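Below you'll find the structure, written out as structure tokens, and then a few comments.
There are 2 protein chains.
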Amino acid sequence: MEKVERAAIKVAQTLESEILSGALSDGSNLPTERQLLDRFCTSRTVIREAIALLDSRGYLITKPRHRPIVRRPGFDSAFSVVRNAASQLLTDAQGLRNLFETRIFMEKALVRHLALHARRDDIVQLKAALEANKQCIDNSEAFYQTDIAFHRVLYRAMNNPIYVSIHETYILWLKQRWQQMPDCQQRNQRNYDEHTLIYQAILERDAEQAEKIMGQHLENSWQDVKMTFELIRQETKISEAATGEASLLID
Amino acid sequence: MEKVERAAIKVAQTLESEILSGALSDGSNLPTERQLLDRFCTSRTVIREAIALLDSRGYLITKPRHRPIVRRPGFDSAFSVVRNAASQLLTDAQGLRNLFETRIFMEKALVRHLALHARRDDIVQLKAALEANKQCIDNSEAFYQTDIAFHRVLYRAMNNPIYVSIHETYILWLKQRWQQMPDCQQRNQRNYDEHTLIYQAILERDAEQAEKIMGQHLENSWQDVKMTFELIRQETKISEAATGEASLLID
DNA sequence: AAAGAAATTTGGTCCTACCAAAATTGGGCC
DNA sequence: GGCCCAATTTTGGTAGGACCAAATTTCTTT
Chain A
1 MEKVERAAIK VAQTLESEIL SGALSDGSNL PTERQLLDRF CTSRTVIREA
51 IALLDSRGYL ITKPRHRPIV RRPGFDSAFS VVRNAASQLL TDAQGLRNLF
101 ETRIFMEKAL VRHLALHARR DDIVQLKAAL EANKQCIDNS EAFYQTDIAF
151 HRVLYRAMNN PIYVSIHETY ILWLKQRWQQ MPDCQQRNQR NYDEHTLIYQ
201 AILERDAEQA EKIMGQHLEN SWQDVKMTFE LIRQETKISE AATGEASLLI
251 D
Chain B
1001 MEKVERAAIK VAQTLESEIL SGALSDGSNL PTERQLLDRF CTSRTVIREA
1051 IALLDSRGYL ITKPRHRPIV RRPGFDSAFS VVRNAASQLL TDAQGLRNLF
1101 ETRIFMEKAL VRHLALHARR DDIVQLKAAL EANKQCIDNS EAFYQTDIAF
1151 HRVLYRAMNN PIYVSIHETY ILWLKQRWQQ MPDCQQRNQR NYDEHTLIYQ
1201 AILERDAEQA EKIMGQHLEN SWQDVKMTFE LIRQETKISE AATGEASLLI
1251 D
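Here the protein sequences come in this chain order: A and B. In terms of the working numbering, the first sequence has 111 at position 111, counting the first letter as 1, and numbering is strictly consecutive. In terms of the working numbering, the second sequence has 1055 at position 55, counting the first letter as 1, and numbering is strictly consecutive.
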């Protein structure tokens, strides 16, 4: 179509189609830059630019001094791109709340759906996840993992990989927040209890109840997240005050 | 933290923080590469790499032979990144269905929410969108726009910009499909009727009914989308057959 | 003051070179 | 033969210079 197309884009498109067609198989290494340079009869600049492009679109995963690894993109890679793009929005309290709100909305809808349409197997998995969750109440790290696993069952039950990717993205976004939360066995217990109530509501096919409990559950979680947020604000305030003093001294 | 960090990343981070702080104001041009080169005491290679990075993360919009334009990212830019990343998945029938399924799920949940919590203003906007929709039944292009506008009201009613971005992304993904649909006034009429039923259900605060109609509405839409998909498949089949004949002739 | 021509700047591409980190090779040892 | 460690080669990251065509700016002309 367009004759004036940047060279890197053409190379990237060629490689992209080879990745999609399987000529470059998933998980294998990309040829070295000098090999590609040779093959495409172009400069290393262009090759490296093309690699950067493919990386940004999720066709490759690159580590600083290593050969790029080919990755046939799925929905997860699509979402891995948003992760970076939105990362900055998570430092803003309102942005994070907006995001968390969509999660609440999503999971409320999920449990409603499950309460109405859960199959036997879904129930079994939920039960198992709940049990694993119970075993870890006294271990915050392990509890966090099983907590995630419990929620993941909800997404998985949709039988559509996109939901799983969405869940993983939420987790990734919230991970840094969780790492700043203090250990609190009481919180674990509360979360477990709420999980149990959700499970029971689904078991009893009570969509209203399931949705309601999930709403409460996640609003409670939000309070935890918000708390870490305010902790940080206090810290920065303190450090600002400190630098303020320093500047006074300088004056 | 890490002493072994790629130079381009450091430059990108510096520029990123300047964009976020407003030192580089939204809409303004980035300094020329040579100016940046001078400022950061590094090679043009690194500068260009940093620019590519910022571009891929939505902090800049670049046109081939022009200065990059600074863009303070919002949720929409975050989603604009997914648009590219997922575009290839839309050529796969299963991928598109998975995507459409999430839209159905989302909008069913939206109308349920609206039926339960719509405020007077939301109703007014829905009514207006519906009326505009009605006026365009005989004009597919205009109908398409008002159709989108009607659904957009649902997302907007959540008072959270993320929902709007999600909607825009769905629209963008499906746009190319719609462009391949044949004009069909009958289809417009059907869609309008369904919109009306949804509106009425919300008006009557009948969440179940609203959700049900929305489900039917979007499943019908899916049939339209799917149809365009099969049209393409037939065409490629035909062209393949043609090339097959050609090769026979060559033999 | 507006329009057009000339000069300058800038982005895209190419090349060469260097260094440190990986990958590969080659021994030497068990 | 198989395994581990050192020497060697290859490779990715960065620097810096060069060239061209497209953009931009400056200057001239009307």
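In this text, a Cβ means the ideal position worked out from N, Cα and C, and glycines have one as well. Just so you know, these numbers come straight off a predicted model, no measurement behind them.
Original post:
Using a beta-carbon distance below 8 Å, is Asn-1133 (chain B) in contact with chain A?
Top reply: No - not a single Cβ of chain A is within 8 Å of the one on Asn-1133 (chain B).
**OP:** State yes or no: is the C-beta of Pro-1068 (chain B) nearer than 7 Å to some heavy atom of the ligand NAP?
**Re:** By its list of ligands, the structure shown contains no ligand whatsoever, and the ligand NAP lies outside what it can speak to.
Original post:
Quick one: Cα of Leu-1036 (chain B) to Cα of Ile-1047 (chain B), how far?
Top reply: Cα to Cα, the separation comes out at about 7 Å.
Original post:
Exposed or buried, which one is Asn-160 (chain A) when buried takes at least 16 other CB atoms within 10 Å?
Top reply: Counting Cβ neighbours within 10 Å, Asn-160 (chain A) comes out buried, since at least 16 surround it.
Original post:
Ser-1140 (chain B) to Leu-1096 (chain B), Cα distance in whole Å?
Top reply: Taking the straight line joining both Cα atoms gives about 23 Å.
Subject >> Neighbourhood of Thr-1042 (chain B) by C-beta distance below 8 Å, restricted to the same chain and skipping five residues each side >> reply: Here the set comprises Ala-1007 and Val-1011.
Subject >> Environment of Met-1227 (chain B) [buried if 16+ CB atoms lie within 10 Å] >> reply: Of the other Cβ atoms in all chains shown, fewer than 16 fall within 10 Å of the Cβ of Met-1227 (chain B); this residue is therefore exposed.
**OP:** Establish whether the CB of Phe-1105 (chain B) and some CB of chain A are separated by less than 8 Å.
**Re:** Yes, because at least one Cβ of chain A sits closer than 8 Å to the Cβ of Phe-1105 (chain B).
Original post:
CB Gln-209 (chain A) to CB Glu-194 (chain A), shorter than 8 Å?
Top reply: No.
Original post:
Roughly how far, in whole angstroms, is the beta-carbon of Asp-26 (chain A) from the beta-carbon of Arg-72 (chain A), given that I think they are within contact range, below 8 Å?
Top reply: The beta-carbon distance between Asp-26 (chain A) and Arg-72 (chain A), rounded to whole angstroms, is 4 Å. This is short enough to meet the 8 Å contact definition.
Original post:
Using a Cβ-Cβ cut-off of 7 Å (strictly less than) and excluding sequence neighbours within five positions of Leu-1248 (chain B), which residues of its own chain qualify?
Top reply: With a pLDDT of only 39 at Leu-1248 (chain B), under the threshold of 50, the placement of this residue in the model should not be trusted; the figure read from the coordinates follows. If we look at Leu-1248 (chain B) and ignore the five residues flanking it on each side, it has no Cβ neighbours.
Original post:
In chain A, which residues lie with their C-beta within 8 Å of the C-beta of Tyr-1163 (chain B)?
Top reply: Neighbours of Tyr-1163 (chain B) on chain A, chain order: Thr-102.
Original post:
To which residues does DSSP link Asn-1029 (chain B) through a beta bridge?
Top reply: Bridge partners of Asn-1029 (chain B): B:Ile-1069.
Original post:
So, does the CB of Arg-6 (chain A) fall closer than 8 Å to a CB anywhere in chain B?
Top reply: Nearest CB-CB separation between Arg-6 (chain A) and chain B: below the 8 Å threshold.
Original post:
From Ala-1129 (chain B) to Ala-132 (chain A), what does the alpha carbon distance come to, in whole angstroms?
Top reply: Inter-residue distance for Ala-1129 (chain B) and Ala-132 (chain A) is about 49 Å (C-alpha atoms, whole angstroms).
**OP:** With DSSP collapsed to three states, give me the class of Ile-61 (chain A).
**Re:** Collapsing the DSSP output to three states places Ile-61 (chain A) in a strand.
**OP:** Could you pull out every residue in the same chain whose Cβ sits closer than 6 Å to the Cβ of Leu-1110 (chain B), ignoring the five residues on either side in sequence?
**Re:** Around Leu-1110 (chain B): Leu-1154.
Original post:
Hey, Ala-207 (chain A) and Arg-112 (chain A) are a contact pair by Cβ (cut 8 Å); roughly how many whole angstroms apart?
Top reply: Indeed, because the Cβ distance is near 5 Å, the residues count as touching under 8 Å.
Original post:
Asn-160 (chain A) versus chain B: which residues are under 8 Å apart at the beta carbon?
Top reply: Result: Asn-1098, Glu-1101 and Thr-1102.
Subject >> When B:Ala-1115, B:Cys-1136 and B:Glu-1049 are compared against Gln-1186 (chain B), the one with the closest alpha-carbon >> reply: That would be B:Cys-1136, whose Cα lies nearest to the Cα of Gln-1186 (chain B).
Original post:
With DSSP run on the structure shown, which of helix, strand or coil describes Ile-1137 (chain B)?
Top reply: Correct three-state label for Ile-1137 (chain B): coil.
Original post:
Nearest-angstrom Cα distance between Gln-1180 (chain B) and Ile-123 (chain A)?
Top reply: One C-alpha to the other measures close to 42 Å.
Subject >> Beta carbon of Glu-1107 (chain B) nearer than 8 Å to that of His-1151 (chain B) >> reply: Closer than 8 Å, so yes.
Original post:
What's the call for Leu-1116 (chain B), buried or exposed, on a 16-neighbour Cβ count within 10 Å?
Top reply: So Leu-1116 (chain B) counts as exposed.
**OP:** Alpha carbon to alpha carbon, how far is Ile-1162 (chain B) from Leu-99 (chain A)? Give it in angstroms, no decimals.
**Re:** The alpha-carbon atoms of Leu-99 (chain A) and Ile-1162 (chain B) are separated by roughly 7 Å.
Subject >> Between the CA atoms of Ser-221 (chain A) and Tyr-144 (chain A) - distance to the nearest angstrom >> reply: Between Tyr-144 (chain A) and Ser-221 (chain A), the C-alpha separation is close to 12 Å.
Original post:
Which of the three DSSP states, helix, strand or coil, is assigned to Leu-1024 (chain B)?
Top reply: Coil at Leu-1024 (chain B), not helix or strand.
**OP:** Compare the C-beta of Ser-1140 (chain B) with all C-beta atoms of chain A and state if any pair is closer than 8 Å.
**Re:** For Ser-1140 (chain B), the closest Cβ of chain A is not nearer than 8 Å.
Original post:
Whose CA, out of B:Cys-1184, B:Arg-1044 and B:Asn-1191, lies closest to the CA of Glu-1219 (chain B)?
Top reply: Checking every option, the nearest Cα to that of Glu-1219 (chain B) belongs to B:Asn-1191.
Original post:
In its own chain, which residues sit with a C-beta less than 8 Å from the C-beta of Arg-103 (chain A), not counting the 5 before and 5 after it?
Top reply: Shown here for Arg-103 (chain A): same chain residues with a beta carbon closer than 8 Å to its own, the five before and five after excluded, namely Tyr-170 and Leu-218 in chain order.
Original post:
Applying the criterion that 16 or more other CB atoms from any shown protein chain within 10 Å of the CB defines a buried residue, is Arg-1044 (chain B) buried or exposed?
Top reply: By the 10 Å Cβ count, Arg-1044 (chain B) comes out exposed.
**OP:** Taking C-beta pairs closer than 9 Å, name the residues in chain A that Glu-1049 (chain B) reaches, listed in chain order.
**Re:** Correct list: Arg-48, Glu-49 and Ala-52.
Original post:
On the premise that Glu-1018 (chain B) lies in contact with Leu-1054 (chain B), defined as a C-beta separation below 8 Å, what is that separation, rounded to the nearest angstrom?
Top reply: Their Cβ separation, rounded to whole angstroms, is 11 Å, which puts Leu-1054 (chain B) and Glu-1018 (chain B) out of contact at 8 Å.
**OP:** Determine the burial state of Ala-23 (chain A): buried for a count of at least 16 other Cβ atoms within 10 Å of its Cβ, exposed for fewer.
**Re:** When all chains shown are included, Ala-23 (chain A) counts as exposed.
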